[in-house]
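Engineer: Handing you a structure now.
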Amino acid sequence: MDRLNRMLAGATGMGGLGAAPGTDNQNLIDNSETVYISSLALLKMLRHGRAGVPMEVMGLMLGEFVDDFTVRVVDVFAMPQSGTGVSVEAVDPVFQQKMMDMLTQTGRPESVVGWYHSHPGFGCWLSSVDINTQQSFEQLTPRAVAVVVDPIQSVKGKVVIDAFRLINPQSLMLGQEPRQSTSNLGHLNKPSIQALIHGLNRHYYSIGINYRKTALEENMLMNLHKHVWTEALEMEDFRHEGERNKDHFKRLVTLAEGYEKRVKEETELTKDQLKTRYVGKLDPKKHLEDVGQQLIEDNIVSVSRQMIDKEATMPKKDAASNGQANGDHMDEDEELLRANLGWPERNSVPGTANRPQSQSHEPHHTAGPATLTAPGQTQPHPRIRSKGRFPTTPNSKVEWSTSNISPEQLKELFNLIHETLEHVPYAICGLGALIDHGFTGRKASRISILCPQESKDNVKAWAASRGCEIYADSVGLSMRDGSTRRVRIKYIEFGFEGLQRVRSSFSNAIVLSLVSQLDNVAAGYLDNRKRGDRRALKIIADDVFFCLDTIASRRQRVDPRFLPTLLGEDFFPDFTAQYVDARPEMARAGIDVSSVLAKHRTATSLREHNEMLREYGMEGDVIPQTPGQFEHIRDLNNSQSVYTLRERDPHVVIPPMTPLPESSHQCDGEIPHPNRKSHPSARKLKVPARTSGPADLGRNLTAPQTPKAVNRPVADWI
């Protein structure tokens, strides 16, 4: 009935019922509506729109109609619809009803006041499909609002958003204005030409949008991108800092060269040429100052973070209030800093700055025989005798503790190593790692660790910051009982990423896994075999069999890529020939012994054939000048002749080499397996030594011979 009355009343505007056409003789209410969108709803709409780029997304708005001029939107939720063009699909009523039921259970009683969707990159307007969707909403709620947001054009401080409502086509036919705005509250944004083309003010009109924030919402927005003071104390990765410093230095060199070139040009060019010479070009002098200032500030902040981190993580051994003033502690810290940085000591008595050392009362520290330094490195500075946390014993008087390490001391030593080298890649190896894996055959008197070669300076820096005694290949860690334990450091030039490392069983330290430790023991076997130390070979053989037995008992999966030394030609044939139980133990541990033997036989056959070719004067595919008996025989690695033996050909069978009979029953340098009786009929194979290529210097972890072990990524091992 109301609609009929409005139509009859509007007919007067067309000249019906005796009225003049086009006269505005009716009292239209002020229709300056405003949509108030909360901060939470706006953030959720922008977040949803950015997540769906480049697709269009849509959702429903929850709120209430406060009065005839106010629509409040308090929250929104996303809908599963999306679109690829300039419109989205229809609303899913089942999903909407379930979502409203769940929101009611959570204490959100608001109803749906409209819907929103995104136009990523092409402005705010309604397409024909959007108009049809809005008509379905207005059939349920005549005052429903359609909000369009552009997440691409929106930037911080300006959100590209607009609200629309359809124009009743019947009112246009009757000549009525779709809406009348007489209020001075708020304003309407100037419509874009694109929105006018797509039917703005013809099929739909725009509604003003305002953002009313409560005190809690203002607090939430203020804390959205707020910086916390602890962010300045977060330490960055040393590798990233080093790369950033290198980039700054390279840029400084480039700018310095450009500045030098500009100075030379200024002496050669005239004044008129200089006026237009550098217009629009980079000023190297200004940028040189800016880059240098940035480099200095970054390094000062980095050093300050390291000092704060060291003071925060270092255990407090002495109480601060022990009859000393704060000034005394400050003097001691300054002296320690001068000693660590290599600065001259400050004389406390006036007039002693130029006095000879022999006349001074200060003790003169000289580096004794125990001070070991690598070439090109400075000797560690002596410690100041104070009551601080740092060790004050000079390097020349350090006495290493050579007694066996008890389990409690081993745990303490592991924790000290981890606290000192926490920021450096390392791995405990040797007897310490074996004890961590359950070895009880003997006790350790010192600990060895592995570190990459590029972290050598970082190791020394962190050891110095912890107050350790620093030497060329070791550091001294002070224990709680007053003794100093030596920790030997082996620096690996390459291949450290190929080692498998695990967490220690009784501390937070990092140790080599049982498989990598087995390969490390095999490398030690080769080193001692080269020196001819038979006693050490017997001990290392015990360690090899312990690792194999432990792996077999734990049923661990062995990856042959972690065992380049154990399965190599330098170790495997010799060790399995001396110890007849080695191959069964390896097979029990999960190593494919047959495939290893096949690879060795193939390599041996290729090596022998190449030696024969070299003996007759042929090298690879090169044919000698004088044709002879072996003219058509070529290198097996590169030739395609009928004599070629290919490694991957499954039809070629390489017969095993027949061992040469031994002249006597003595084993030349061969040691039987410890705690096992060798079979009397077991024959020991003589593996011919290599005659080509470099001399065999023994396999070790610092020089892996297989390129796969060098190029393996870190994610494959750790």
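Residue numbers for the sequence shown follow my numbering, so the first one is 345 and each next one is one higher. For glycine and all other residues, C-beta sits at the position ideal for the given N, C-alpha and C. Remember, it's a predicted structure, so these values are computed and weren't measured experimentally.
(1) What three-state label does DSSP hand ALA808 in the structure shown?
(2) Is the beta carbon of LEU404 sitting closer than 8 angstroms to the one on VAL420?
(3) Based on the DSSP secondary-structure assignment, which residues constitute the bridge partners of PRO796?
(4) Have a look at LEU892 and ASP871 and give me their C-alpha separation to the nearest angstrom.
(5) Take LYS442 and list the residues in its own chain whose beta-carbon comes closer than 8 angstroms to its own, dropping the five residues that flank it on each side.
(6) In angstroms, rounded to a whole number, what distance separates the CA positions of ARG832 and PRO398?
(7) When DSSP labels each residue in this structure, what does GLN425 get in the three-state scheme?
(8) I need the boundaries of the beta strand (DSSP E) containing PHE409, first residue and last residue.
(9) The ligand GDP and LEU599: does any heavy atom of the ligand fall closer than 7 angstroms to the residue's C-beta?
(10) Could you tell me the distance, in whole angstroms, from the CA atom of GLN900 to the CA atom of ALA933?
(11) I'd like the list of long-range same chain contacts for THR746, defined as Cβ closer than 7 angstroms, with 5 residues on each side in sequence excluded.
(12) Where does GLN922 land, buried or exposed, given buried means 16+ other C-beta within 10 angstroms?
(13) Measure the C-alpha to C-alpha separation of GLN497 and VAL504 and round it to an integer number of angstroms.
(14) List the DSSP bridge partners of TRP459.
(15) In this structure, how does DSSP classify GLY393 when only helix, strand and coil are distinguished?
(16) Does ARG830 come out as helix, strand or coil in the three-state DSSP assignment?
(17) So if DSSP puts ALA771 in a beta bridge, which residue, or which two residues, is it bridged to?
(18) For my contact list, VAL855 and ALA807 are in at a C-beta cut-off of 8 angstroms; report their separation, rounded to the angstrom.
(19) Is the beta carbon of ASP863 sitting closer than 8 angstroms to the one on LEU910?
(20) Evaluate the contact criterion for the stretch 789-803 versus the stretch 865-880: three or more CB pairs, one atom per stretch, below 8 angstroms.
(21) From which residue to which residue does the alpha helix (DSSP H) around PHE593 run?
(22) Below 8 angstroms on the Cβ atoms is my guess for VAL415 versus THR477; work out the distance and round it to an integer in Å.
(23) Mind checking TYR960: buried by the 16 CB within 10 Å criterion, or exposed?
(24) Taking the straight line between their C-alpha atoms, what separation do you get for ALA866 and VAL859?
(25) List the residues that DSSP assigns as beta-bridge partners of GLU766.
(26) Excluding five sequence neighbours on each side, which residues of the same chain lie with their C-beta closer than 8 angstroms to the C-beta of HIS944?
(27) What separation, rounded to the nearest whole angstrom, lies between the Cα atoms of ILE475 and SER462?
(28) Would you decide whether ASP887 is buried or exposed? Buried here means 16 or more other CB atoms lie within 10 Å of its CB.
(29) Quick check on this structure: which residue in MET402, GLY501, ALA885, ARG649 has the alpha carbon closest to the alpha carbon of GLU580?
(30) Decide if the stretch 629-644 is in contact with the stretch 546-553; the criterion is three or more beta carbon pairs, one per stretch, under 8 angstroms apart.
(31) Which class does VAL940 belong to by DSSP, given the choice of helix, strand or coil?
(32) I believe ILE749 touches ALA853 by the beta-carbon criterion, under 8 angstroms. Please report the beta-carbon distance rounded to the nearest angstrom.
(33) Which of the three DSSP states, helix, strand or coil, is assigned to SER550?
(34) Tell me which residues share the same chain as PHE850 and place their Cβ nearer than 6 angstroms to its Cβ, disregarding the 5 neighbours each side in the sequence.
(35) Please report how far the alpha carbon of ARG927 lies from the alpha carbon of VAL937, in whole angstroms.
(36) When you compare only the Cα positions, how much space is there between ALA885 and TYR869?
Structural biologist: So, to answer that:
(1) Within the sequence shown, residue 808 is the residue found at index 464, counting from 1. ALA808: helix per DSSP, three-state reduction.
(2) Your numbering for residue 404 matches position 60 in the sequence shown. Your numbering for residue 420 matches position 76 in the sequence shown. Taking 8 angstroms as the Cβ cut-off, LEU404 and VAL420 qualify as a contacting pair.
(3) If you number the sequence shown from 1, residue 796 lands on position 452. Answer is ILE836, bridged to PRO796.
(4) The residue labelled residue 892 in the question sits at position 548 within the sequence shown. The residue labelled residue 871 in the question sits at position 527 within the sequence shown. Each residue's Cα considered, the two are about 20 angstroms apart.
(5) The sequence position of residue 442 within the sequence shown is 98, counting from 1. Contacts found: none.
(6) Counting from 1 along the sequence shown, the entry for residue 832 is found at position 488. Counting from 1 along the sequence shown, the entry for residue 398 is found at position 54. Their backbone Cα atoms lie some 58 angstroms apart in a straight line.
(7) Residue numbering aside, residue 425 sits at position 81 when the sequence shown is read from its first letter. Here GLN425 carries a strand assignment [DSSP, helix/strand/coil].
(8) If you number the sequence shown from 1, residue 409 lands on position 65. 400-411 is the span of the beta strand (DSSP E), which, as asked, contains PHE409.
(9) Absent from the structure shown: the ligand GDP. Ligands present: none.
(10) What you label residue 900 is simply residue 556 of the sequence shown in a count that begins at 1. What you label residue 933 is simply residue 589 of the sequence shown in a count that begins at 1. Approximately 8 angstroms between the Cα atoms of the pair.
(11) Taking the sequence shown and counting its residues from 1, one reaches residue 746 at position 402. Excluding positions up to five away in sequence, the list reads SER789.
(12) Walking along the sequence shown from the start, residue 922 turns up at place 578. Looking at its Cβ environment, which holds 16 or more other Cβ atoms inside 10 Å, GLN922 is buried.
(13) Indexing the sequence shown from 1 puts residue 497 at position 153. Indexing the sequence shown from 1 puts residue 504 at position 160. Cα to Cα, GLN497 sits roughly 6 angstroms from VAL504.
(14) Within the sequence shown, numbered from 1, the residue matching residue 459 stands at position 115. TRP459 is bridged by DSSP to LEU404, ALA490.
(15) Taking the first residue of the sequence shown as position 1, residue 393 is located at position 49. Looking at GLY393 - three-state DSSP - the assignment turns out to be helix.
(16) Looking up residue 830 in the sequence shown gives position 486. Three-state DSSP puts ARG830 in a strand.
(17) Taking the sequence shown and counting its residues from 1, the one referred to as residue 771 is at position 427. The partner list for ALA771 (beta bridge, DSSP) reads LEU794.
(18) What you label residue 855 is simply residue 511 of the sequence shown in a count that begins at 1. What you label residue 807 is simply residue 463 of the sequence shown in a count that begins at 1. Actually they do not touch by this definition, with Cβ atoms about 19 angstroms apart.
(19) For the purposes of this step, residue 863 is identified with residue 519 of the sequence shown, where counting begins at 1. For the purposes of this step, residue 910 is identified with residue 566 of the sequence shown, where counting begins at 1. It is a contact, given that the beta carbons lie within the stated cut-off.
(20) Verdict: no, contact absent.
(21) Stepping through the sequence shown from its first residue, residue 593 is reached at position 249. Element bounds for PHE593: 582-612.
(22) On the sequence shown, position 71 is the one that residue 415 refers to. On the sequence shown, position 133 is the one that residue 477 refers to. Between VAL415 and THR477, the beta carbon gap of about 18 angstroms keeps them out of contact (Cβ cut-off 8 angstroms).
(23) For the purposes of this step, residue 960 is taken as the residue at position 616 of the sequence shown. With fewer than 16 other Cβ atoms within 10 Å, it is exposed.
(24) For the purposes of this step, residue 866 is taken as residue 522 along the sequence shown, with counting starting at 1. For the purposes of this step, residue 859 is taken as residue 515 along the sequence shown, with counting starting at 1. Distance between the alpha carbons of ALA866 and VAL859: 11 angstroms.
(25) The residue labelled residue 766 in the question sits at position 422 within the sequence shown. Residue pairing from DSSP leaves GLU766 without any beta-bridge partner.
(26) Counting from one through the sequence shown, the residue named residue 944 turns up at place 600. Answer for HIS944: GLU913, PHE916, PRO917, listed in chain order.
(27) Reading the sequence shown from its first residue, position 131 is the one you call residue 475. Reading the sequence shown from its first residue, position 118 is the one you call residue 462. In this structure, the straight-line span from the alpha carbon of ILE475 to that of SER462 is close to 14 angstroms.
(28) Taking the first residue of the sequence shown as 1, we reach residue 887 at position 543. Buried, since its Cβ has 16 or more Cβ neighbours within 10 Å.
(29) If you number the sequence shown from 1, residue 580 lands on position 236. For GLU580, the nearest C-alpha among the options comes from ARG649.
(30) Taking a cut-off of 8 angstroms for Cβ pairs, the stretch 629-644 and the stretch 546-553 do not touch, as fewer than three such pairs fall below it.
(31) Counting from 1 along the sequence shown, the entry for residue 940 is found at position 596. Under the three-state reduction of DSSP, VAL940 is assigned to helix.
(32) Stepping through the sequence shown from its first residue, residue 749 is reached at position 405. Stepping through the sequence shown from its first residue, residue 853 is reached at position 509. At roughly 14 angstroms, the Cβ-Cβ gap does not stay under 8 angstroms, so ILE749 and ALA853 are not in contact.
(33) Here residue 550 corresponds to residue number 206 of the sequence shown, with the count starting at 1. Three-state result, SER550: strand.
(34) As a position in the sequence shown, residue 850 is number 506, starting the count at 1. Once the five neighbours on either side are set aside, the close Cβ partners of PHE850 are LYS755.
(35) Residue 927 sits at position 583 when you count from the first residue of the sequence shown. Residue 937 sits at position 593 when you count from the first residue of the sequence shown. Answer to the nearest angstrom: the Cα atoms are 7 angstroms apart.
(36) Against the sequence shown, residue 885 aligns to sequence position 541. Against the sequence shown, residue 869 aligns to sequence position 525. Spanning the alpha carbons of ALA885 and TYR869 requires a straight line of approximately 8 angstroms.
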